[in-house]
Every structure is written in structure tokens, then in C-alpha cells.
Amino acid sequence: MKYLLLICGIALSFYNFSGCGGRCDSITRTNSGELSEQALAMVPYEHGDTIHVIHSKGSLFHFVVSRTSHIDEFSEECFTHTSHQDISILEPSYPLFSPNITIYQQDSLHFNISVYIQKKHAYIIPNEWNIDTLYIQSKEYTQVWGLQMVTEFPESGIQIDSLYYNVSHGILRITMTNGEWYERKK
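Mapped onto the working numbering, the consecutive letters of the sequence shown carry residue numbers 1 to 186.
Printed below as a string of C-alpha cells:
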């Protein structure tokens, strides 16, 4: 009988700690708050904009911007979090890569910006640019972020290596692993 009670006690403990048993006394709800004007200004693109990009071998490509805002809700047991996001997707006119820039409001004071291109990503930390000045096609750009693109899924072949970005113009340059690049056309 003691053995049976011990087994039942252990089983009940696993049931309660696994989240299957018991209900929440209260649900914690958090909301990151709406995106600030400062956060939205970090991405200079408007919905419908056309961005012109030149390849290192002379080809010209056009990207049309699709920009949307939405609210993402995440729930787990006794916790619900609401996050406000603004997403800009640059759709190429030719089958190429499609950059995705997302602004996340972390809380009422902080936001995060992520850039995704072809399974690679990087994060922009506001007010912490690491290149003071960058020259592209004889034009000077200041307060530039030089971002090394990273991935959890290594692939062979030509990949995106790095990206250069500033608040006034957005993506300035994308460098590939073979040395080729795509630059914003003035």
C-alpha cells in the first residue's frame, strides 16, 4: 500500500509541475506599448516606395516596399504578452532576395530592430552605429551600422555576408560572400 501511495504521489507531482494540472490564480498580462515615433523613424521606407539598387557588375534592380504594422500576442499558461511590430519587406522586381526589416517594441522605453535576408539576420541597436562615415558611389553617408549577417543554418554557395544601414536611407549596401555587392543607387 505504501508503494502504491508513493507512486501516486510522484505521478501527481509530475502532473502538477508539467502544467497539466492546476489553474492559474491570476493571469499576468504585459503589453509592450505602441511603437514610438522614434522607433518608426528608424526605417525610412513608406509603403509603396521603390528602392533602386545596383549590382557590382552593373545590373539595376528595383524593390517595392510593403510596410505594415500589427500586434502579436503570445500566451503561455498564466502569462500573455502583447507586442507591437512594424514590418517593412522589400520585394524585388527580379527573383533575388527580399529584405525584411522588423521593429519590435520591447517595453515602453526600448525597441529592437531586426533585419532578415535569406535565412540570415542581424540586429540594429539604436544610437550605437559602428561606422561613422561610408562612401557609396561618391556620396557620403553618416551614422552607419555595419552588420555582419549570421545564420543558424549554414549553407554552401554564395551567401549574404554583411549589410550597411542608416536611418536616413535604410539599406545602403549588401555584400555577398564572393565579394559582389548590391548598393543603393543615388
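Just so it is clear, CB atoms sit at the ideal spot from N, CA and C, and this is done for glycine as well.
Here the structure is a predicted model, which is why all the values come from computation and not from measurement.
Item                                                                                                                                                                  : Value
Taking the DSSP output, what are the residues bridged to residue 47?                                                                                                  : Residue 47 is not bridged to any residue.
Would you report the Cα separation of residue 99 and residue 121, rounded to the nearest angstrom?                                                                    : 10 Å
Put residue 122 into one of helix, strand or coil per three-state DSSP.                                                                                               : strand
Nearest to residue 28 by CA position, among 166, 69, 73, 39, is which residue?                                                                                        : 73
Output the residue ranges of the alpha helix (DSSP H) runs that lie fully inside the stretch 81–106 and measure 4 residues or longer, sorted by chain position.       : none
Out of 170, 137, 171, point me to the one whose CA is closest to residue 58's CA.                                                                                     : 137
Where residue 180 and residue 78 are concerned, what is the direct C-alpha to C-alpha distance, given to the nearest angstrom?                                        : 50 Å
Between the alpha carbons of residue 183 and residue 76, how many angstroms are there, rounded?                                                                       : 43 Å
Can you give the Cα-Cα distance for residue 30 and residue 45, rounded to whole angstroms?                                                                            : 29 Å
Is residue 172 helix, strand or coil when you go by DSSP?                                                                                                             : strand
Assuming the contact rule is C-beta atoms closer than 8 Å, residue 61 and residue 93 should be a hit. Round their C-beta distance to whole Å, please.                 : 7 Å
Shorter than 8 Å, the distance from the beta carbon of residue 147 to the closest heavy atom of the ligand HEM, or not?                                               : Of ligands this structure carries none, so the ligand HEM is not represented either.
Just the Cα atoms here: how many angstroms apart are residue 39 and residue 113?                                                                                      : 9 Å
Contact defined as beta carbons within less than 8 Å: I believe residue 162 pairs with residue 82. What is the distance between those atoms, to the nearest angstrom? : Not quite, the Cβ-Cβ distance comes to about 34 Å (not below 8 Å), so this is no contact.
Mind checking which residues open and close the alpha helix (DSSP H) that includes residue 35?                                                                        : First-last for residue 35: undefined, no H or E at that position.
For residue 104, tell me which candidate among 97, 90, 123 has the shortest Cα-Cα distance.                                                                           : 123
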